[in-house]
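Student: Below: one structure in structure tokens.
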Amino acid sequence: MIKGLGILVLAVFAIVLVGWLALLRPDIGYDRLEAKYADAASRYIDLPGGVHMRYRDQGQAGGHVLVLVHGFSASAQDWDDWARILSPRYRIITLDLPGHGLTRAPARWPANTDSYADLVAQATDRLGVKSFVLAGNSMGGGVAWDFALRHPDRLQGLVLVDAAGWAPPKSQQGGAVIFQILRNPVGRAILRDIDTKPLIAQGLKSAFVDEKLVTPALVDRYSDFARAPGHRAILMALQTGDRREASYAVLAAIKAPTLVMHGRDDHLIPFANGEAFARAIPGATLIAYPGVGHVPMEQIPDRSAADLDAWLRTKVWP
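294 is the number that full-length UniProt numbering gives to position 294 of the sequence shown; each next residue is one higher, with no gaps.
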């Protein structure tokens with residue numbers, strides 16, 4: 001009986017090992033990624049710490065400047081619709097943070113909201129942009145309000161789109177499966193080297209609400225960018241690194257005109273967090289979107305861009 005049990009354990013181990021090996025996915029080189037995803041607007045700058053950043057600088061060269069920062073595991077492409085709609089009126093700068101998109105960085109680059117905020121300051125300095133309106137979605141929203149605290153003299157306005165930052169209550173459960181796994185160190189170790197496309201697809205469906213918008217091409221883009229050299233290490237490190245948490249005392253120091261945009265049906269960052277940002281930041285304006293999830297700029301680009309444009313022309317650049 002003991003011998004039979006040992007054979008069974010070995011058989012199960014062999015099956016798991018074969019399954020693991022079948023799911024392993026190697027890095028995708030930047031040459032291949034750039035050939036597939038770079039476009040005519042893509043540009044690159046070298047920044048401190050070995051960062052080779054991809055950015056886009058579109059729209060009106062002499063116009064008011066909007067800098068747009070993407071969320072976790074996303075990229076500059078998330079802002080394509082806003083850039084298209086708003087570029088006739090504004091200068092639009094989108095960028096890929098280290099660990100994301102086509103930006104190259106060492107695998108041990110110290111990624112957190114503070115370092116990302118400082119990198120946005122360095123990148124805009126290099127581009128000759130001294131002051132601007134900064135918008136961020138999700139993790140990028142956390143970078144944006146952190147920037148407002150670290151570099152207040154640079155900011156003409158702040159836009160938080162389903163922004164991260166408030167600590168979730170200990171009792172909070174649910175959300176995208178991939179984020180539940182990433183909260184666990186064993187889960188992070190397992191996900192680091194395997195094919196995560198099914199989990200990415202589930203996470204995107206949670207974010208968009210309208211599942212028709214989650215196309216195979218969108219899932220491929222997220223999956224491909226995550227497999228760029230060094231990216232998986234940075235993405236995993238983001239789950240455990242230091243981060244500044246939002247609080248009423250912290251956010252009260254923000255003086256820039258602020259617009260909070262939040263989907264009422266966001267399954268990743270609840271609408272209550274958007275309401276909290278609007279209450280905590282003096283004079284902030286809140287726009288709620290019923291039936292909309294985590295990425296209003298992609299789910300309802302025309303309506304959300306029009307709302308942003310109206311706010312900018314009323315509160316920032318009348």
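Virtual Cβ for every residue (Gly too), placed ideally from N, Cα, C.
Please report how far the alpha carbon of PRO318 lies from the alpha carbon of ARG126, in whole angstroms.
Tutor: In the sequence shown, the residue the question calls residue 318 occupies position 318. In the sequence shown, the residue the question calls residue 126 occupies position 126. Cα-Cα distance, rounded: 28 angstroms.
Student: Determine the direct distance from the alpha carbon of ASP220 to that of ASP210, and round the result to whole angstroms.
Tutor: One-based indexing of the sequence shown puts residue 210 at position 210. One-based indexing of the sequence shown puts residue 220 at position 220. Their backbone Cα atoms lie some 18 angstroms apart in a straight line.
Student: Name the DSSP beta bridge partners of SER42, please?
Tutor: The sequence position of residue 42 within the sequence shown is 42, counting from 1. Looking at the DSSP output, SER42 shares a beta bridge with ARG56.
Student: Taking only three categories from DSSP, how would you classify GLN156?
Tutor: Counted from its first residue, the sequence shown places residue 156 at position 156. The answer is strand: DSSP assigns GLN156 an E or B state.
Student: Of the choices GLY62, HIS70, ASP118, whose alpha-carbon is the least far from that of TYR222?
Tutor: Along the sequence shown, one-based indexing puts residue 222 at 222. Taking only the C-alpha atoms, the option nearest TYR222 is HIS70.
Student: Closest to ALA163 by CA distance: which of ARG91, ARG232, ILE287, ARG150 is it?
Tutor: Here residue 163 is taken as the residue at index 163 of the sequence shown, counted from 1. For ALA163, the closest of ARG91, ARG232, ILE287, ARG150 by C-alpha to C-alpha distance is ILE287.
Student: Give me the DSSP bridge partner(s) of GLY263.
Tutor: Start at 1 with the first residue of the sequence shown, and residue 263 comes out as number 263. Per DSSP, TYR289.
Student: Taking one C-beta from the region 265-272 and one from the region 287-304 each time, how about it: are there three or more such pairs within less than 8 angstroms?
Tutor: In short, these stretches touch, since the Cβ pair count reaches three.
Student: Mind checking who ASN137 pairs with in its DSSP beta bridge?
Tutor: Start at 1 with the first residue of the sequence shown, and residue 137 comes out as number 137. Per DSSP, VAL161.
Student: With a floor of 3 residues, list each beta strand (DSSP E) that falls wholly inside the region 72-123, ordered by position along the chain.
Tutor: 91-95
Student: Kindly indicate which residue of GLY141, GLN58, THR103, SER73 has the alpha-carbon position closest to the one of ILE85.
Tutor: Here residue 85 is taken as the residue at index 85 of the sequence shown, counted from 1. The shortest Cα separation from ILE85 among GLY141, GLN58, THR103, SER73 belongs to GLN58.
Student: Using DSSP with H/G/I as helix, E/B as strand and the rest coil, what is VAL67?
Tutor: Taking the sequence shown and counting its residues from 1, the one referred to as residue 67 is at position 67. VAL67 falls in the strand class under three-state DSSP.
Student: Nearest by alpha-carbon distance to ALA284: which of GLY101, TYR55, LYS315, SER115 is it?
Tutor: Start at 1 with the first residue of the sequence shown, and residue 284 comes out as number 284. The option with the nearest alpha carbon to ALA284 is LYS315.
Student: Can you tell me which of the three DSSP states THR196 falls into?
Tutor: If you number the sequence shown from 1, residue 196 lands on position 196. Of the three classes helix, strand and coil, the one that applies to THR196 here is coil, per DSSP.
Student: For TYR55, count neighbouring C-beta atoms within 10 Å of its own C-beta (all shown protein chains included) and say buried if the count is 16 or more, exposed if not.
Tutor: For this step, residue 55 is matched to residue 55 along the sequence shown. Buried, by the Cβ-count rule.
Student: Thinking PHE72 and MET139 are a contact (beta carbons under 8 angstroms), I'd like their distance in whole angstroms, please.
Tutor: The residue you call residue 72 lines up with position 72 of the sequence shown. The residue you call residue 139 lines up with position 139 of the sequence shown. The pair is a contact, with the Cβ atoms about 4 angstroms apart (cut-off 8 angstroms).
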